[in-house]
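Colleague: Got a structure here, written out as structure tokens. Questions coming.
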Amino acid sequence: MRSSERSSILSNWRIPLSDLDYGPEEEEAIVRVLRSRWLSMGPEVQAFEHEFAALVGVKHAVAVANGTAALHLAYLALGLRAGDEIIQPAINFVAAANMTLAIRAVPVFADILSLDEPTIDPQELERLITPRTKAVVVMHYGGYVCRMAEIEAICRQHGLAIVEDACHAVGAQYLDGQEHPLHGRKAGNLGDVACFSFFSNKNLATGEGGMVTTNRDDIAEQLRLLRSHGMTTLTWDRHQGHASSYDVLVNGYNYRLDELRAALGRAQLRKLERNNHLRGELVAAYRRHLSDLPGWIVPFADYRGDSAYHLMVVVAPDQEARTRTVSTLKEAGIQTSLHYPCLPDFAVFKGLRGSGVEKSRLFARRAITLPLFPTMSMSQVEEICHLIGSVALS
Ligand SMILES: Cc1ncc(COP(=O)(O)O)c(C=O)c1O
0 MRSSERSSIL SNWRIPLSDL DYGPEEEEAI VRVLRSRWLS MGPEVQAFEH
50 EFAALVGVKH AVAVANGTAA LHLAYLALGL RAGDEIIQPA INFVAAANMT
100 LAIRAVPVFA DILSLDEPTI DPQELERLIT PRTKAVVVMH YGGYVCRMAE
150 IEAICRQHGL AIVEDACHAV GAQYLDGQEH PLHGRKAGNL GDVACFSFFS
200 NKNLATGEGG MVTTNRDDIA EQLRLLRSHG MTTLTWDRHQ GHASSYDVLV
250 NGYNYRLDEL RAALGRAQLR KLERNNHLRG ELVAAYRRHL SDLPGWIVPF
300 ADYRGDSAYH LMVVVAPDQE ARTRTVSTLK EAGIQTSLHY PCLPDFAVFK
350 GLRGSGVEKS RLFARRAITL PLFPTMSMSQ VEEICHLIGS VALS
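Here it is, written out as structure tokens:
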């Protein structure tokens, strides 16, 4: 799509934080569905699920309405319930913690490893586990997979389920560098159940949309029931004459994905490997320009896996440097963001256990998310880095 055809929302920023890679493939996908005259869950969703499961290397992929619904269903399918404690990172989007409250379970916030590696610290699990702990949420921040070998060993020892919040990490691969059984697996294939989001700023974007992946048949069965009212058949099955009646087995929801979004997802899936690679090249350029700035940190310097490069994050030397940098970039028409405020500091989670997350607090005060999208140019990266350098060295 030519930039002149873009919506006015994006044109407010000369360089936006993210941008879609949409073109004739997505337009063709939408027209194909419109002409099929079937809009709700049907053959496109089925095909998207099969293709997504193949990408991740899992047995089951269950398409849902969004990433938050994916997390909600993952918790329910694991049998988590009121009073259970779910350990999760203090630096995350709010959805995993909100869905914990939705099932009346208790979020217990764990600190990140460091400003250089802002994913959940496995040692924190040992500190926070109680007899009520039932599950651990890991979030592959920015597309960089968590320390899964250590996390898996602790969870196995204590009988805890692992939920991957893989919303940043579609296509990422875990490389442990050892003979570990998880080595070489994709994000979404590293725990009991994993959740993806296809929100418009994600590496694979459909507007709204999500996916749950698992190798466990029992979980997949629950997910499929819970996604559609707990009913034993779908409208699509009845339309095809496969079933004429149904039973309702569990108290379910309407978290279905529609055909239009599934078709968009399939078109985006075909671009994913190339686009993640392009993101990686842009991140490498950012890293070259920013790594030597005194006091600045470019996280994941020693990362060994194959990232999905969802976010480009830098950590300023202090909060004041962050503020000055963000405003300099804003004046130049460059959008930035913060991923994320420290979760236990939100009003809704006040009073919960959230002590000892000082590294997360520090990170939230100093981190800046910079523009990153596959159609971005190297000269845009250079311009941004030049501006950051001018603030850093002034
Ligand atoms: C890490 C993370 N978890 C969960 C979500 C929730 O996904 P959605 O916005 O599709 O509900 C998002 C997306 O915004 C996310 O980035």
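Just so we're aligned, residue 0 is where the sequence shown starts under numbering that gives the first Met the number 0, counting upward by one.
Backbone N, C-alpha and C define an ideal beta-carbon position, used for all residues, glycine too.
Decide if Ser196 is buried, meaning its Cβ has at least 16 other Cβ atoms within 10 Å, or exposed.
Modeller: Looking at its Cβ environment, which holds 16 or more other Cβ atoms inside 10 Å, Ser196 is buried.
Colleague: Which residue comes first and which comes last in the beta strand (DSSP E) that contains Asp164?
Modeller: First-last of the beta strand (DSSP E) with Asp164: Ala160 to Asp164.
Colleague: Taking the alpha carbon of Gly206 as the reference point, which residue from Leu256, Asn214, Gln172 and Ala160 has its own alpha carbon closest?
Modeller: Checking every option, the nearest Cα to that of Gly206 belongs to Leu256.
Colleague: Quick check: is any heavy atom of ligand 1 less than 6 Å from the C-beta of Thr67?
Modeller: Result yes, Cβ under 6 Å from ligand 1.
Colleague: Check whether the Cβ of His385 lies closer than 7 Å to any Cβ atom in chain B.
Modeller: The structure shown has no chain B; it contains just one protein chain.
Colleague: If we call anything under 7 Å between Cβ atoms a contact, is Gly18 one with Phe372?
Modeller: It is Asp, not Gly, that sits at residue 18 in the sequence shown. Yes, the Cβ-Cβ distance between Asp18 and Phe372 is below 7 Å.
Colleague: Using a Cβ-based criterion (distance less than 6 Å to any ligand heavy atom), does Ser17 qualify as near ligand 1?
Modeller: Outside the cutoff, so no.
Colleague: For Cys341, verify whether its CB is less than 6 Å away from any heavy atom of ligand 1.
Modeller: For ligand 1, not one heavy atom lies less than 6 Å from the Cβ of Cys341.
Colleague: Count the other C-beta atoms from every protein chain shown that fall within 10 angstroms of the C-beta of Leu72, then say buried if there are 16 or more, exposed otherwise.
Modeller: Buried, by the Cβ-count rule.
Colleague: Which residues does DSSP list as the beta-bridge partners of Asn253?
Modeller: The partner list for Asn253 (beta bridge, DSSP) reads Ser227.
Colleague: If you count every other CB in all the chains shown that lies within 10 Å of the CB of Asn275, and 16 or more means buried, which is it?
Modeller: Looking at its Cβ environment, which holds 16 or more other Cβ atoms inside 10 Å, Asn275 is buried.
Colleague: Measuring straight from C-alpha to C-alpha, what distance separates Glu48 and Leu259?
Modeller: Glu48 and Leu259: Cα-Cα distance of roughly 14 Å.
Colleague: If contacts are defined as beta-carbon pairs under 8 Å, then Ile383 and Ile333 qualify, I think. What distance do you get, rounded to the angstrom?
Modeller: At roughly 6 Å, the Cβ-Cβ gap stays under 8 Å, so Ile383 and Ile333 are in contact.
Colleague: Less than 7 Å between the C-beta atoms of Ala331 and Leu369, yes or no?
Modeller: Contact flag unset, no.
Colleague: Could you tell me which residues DSSP pairs with Lys185 in its beta bridges?
Modeller: Its beta-bridge partners are Gln172.
Colleague: Specify, as a first and last residue, the run of the beta strand (DSSP E) that Lys329 falls within.
Modeller: Note, Lys329: premise wrong, no beta strand (DSSP E); alpha helix (DSSP H) at Gln318 to Glu330.
Colleague: With hydrogens ignored, establish whether the beta-carbon of Gly209 is closer than 6 Å to any heavy atom of ligand 1.
Modeller: Flag set: Cβ of Gly209 near ligand 1.
Colleague: Can we count Phe47 as close to ligand 2, meaning its CB is less than 6 Å from some heavy atom?
Modeller: Among the ligands modelled here, namely ligand 1, ligand 2 does not occur.
Colleague: Please name the residue, chosen from Ala96, Val107 and Glu25, that lies closest to Leu351 on a Cα-to-Cα basis.
Modeller: For the residues Ala96, Val107 and Glu25, the minimum Cα distance to Leu351 belongs to Val107.
Colleague: Can the beta-carbon of Ser326 be found closer than 7 Å to that of Gly142?
Modeller: Their beta carbons are not under 7 Å apart, which means Ser326 does not touch Gly142 by this criterion.
Colleague: Comparing C-alpha positions only, which one of Arg323, Gly294 and Glu123 sits nearest to Pro316?
Modeller: Selected option, being the one with the closest Cα: Gly294.
Colleague: In terms of residues, what are the limits of the beta strand (DSSP E) holding Gln177?
Modeller: That residue, Gln177, is in no beta strand (DSSP E); it is neither H nor E in DSSP.
Colleague: Can you tell me which residues form a DSSP beta bridge with Glu400?
Modeller: Only positions 0 to 393 of the chain appear in this structure, which leaves residue 400 out of reach.
Colleague: Helix, strand or coil, according to DSSP, for Cys154 in the structure here?
Modeller: It is helical.
Colleague: Where do the ends of the beta strand (DSSP E) carrying Met210 lie?
Modeller: Gly209 to Thr213 is the extent of the beta strand (DSSP E) around Met210.
Colleague: Tell me the DSSP bridge mates of Cys194?
Modeller: Per DSSP, Asp164 and Val211.
Colleague: How about Cys145: is its Cβ closer than 6 Å to a heavy atom in ligand 1?
Modeller: The answer is no for Cys145.
Colleague: For the alpha helix (DSSP H) that contains His49, what are its first and last residues?
Modeller: Unbroken alpha helix (DSSP H) run through His49: Pro42 to Val55.
Colleague: Just tell me which of Tyr21, Ser39, Asp301 and Cys154 has its CA closest to the CA of Gly176.
Modeller: Among Tyr21, Ser39, Asp301 and Cys154, the Cα nearest to that of Gly176 is on Asp301.
Colleague: Between Ala60, Asn188, Ala284 and Gln87, which has its C-alpha nearest Gln122's C-alpha?
Modeller: The candidate whose alpha carbon is nearest that of Gln122 is Gln87.
Colleague: Give me whichever residues DSSP pairs with Ser336 in a beta bridge.
Modeller: Note: Ser336 sits in a beta bridge opposite Thr368.
Colleague: Shortest alpha-carbon distance to Gly208 belongs to which of Cys166, Leu248 and Ser244?
Modeller: When each option's Cα is compared against that of Gly208, the closest is Cys166.
Colleague: Quick test of your reading: Ala186 and Ala171, contact by CB under 8 Å. State the CB separation rounded to the nearest angstrom.
Modeller: Yes, they are in contact, since the Cβ atoms of Ala186 and Ala171 sit about 4 Å apart, within 8 Å.
Colleague: Run the CB neighbour count on Gln318, radius 10 Å, all protein chains shown included, and call it buried at 16 or more, exposed below.
Modeller: Its Cβ having fewer than 16 others within 10 Å, Gln318 is exposed.
Colleague: With DSSP collapsed to three states, give me the class of Gly147.
Modeller: For clarity, residue 147 is Met in the given sequence; the question names Gly instead. Note: Met147 maps to helix in three-state DSSP.
Colleague: If you draw a straight line from the alpha carbon of Leu342 to that of His241, how long is it in whole angstroms?
Modeller: Their backbone Cα atoms lie some 47 Å apart in a straight line.
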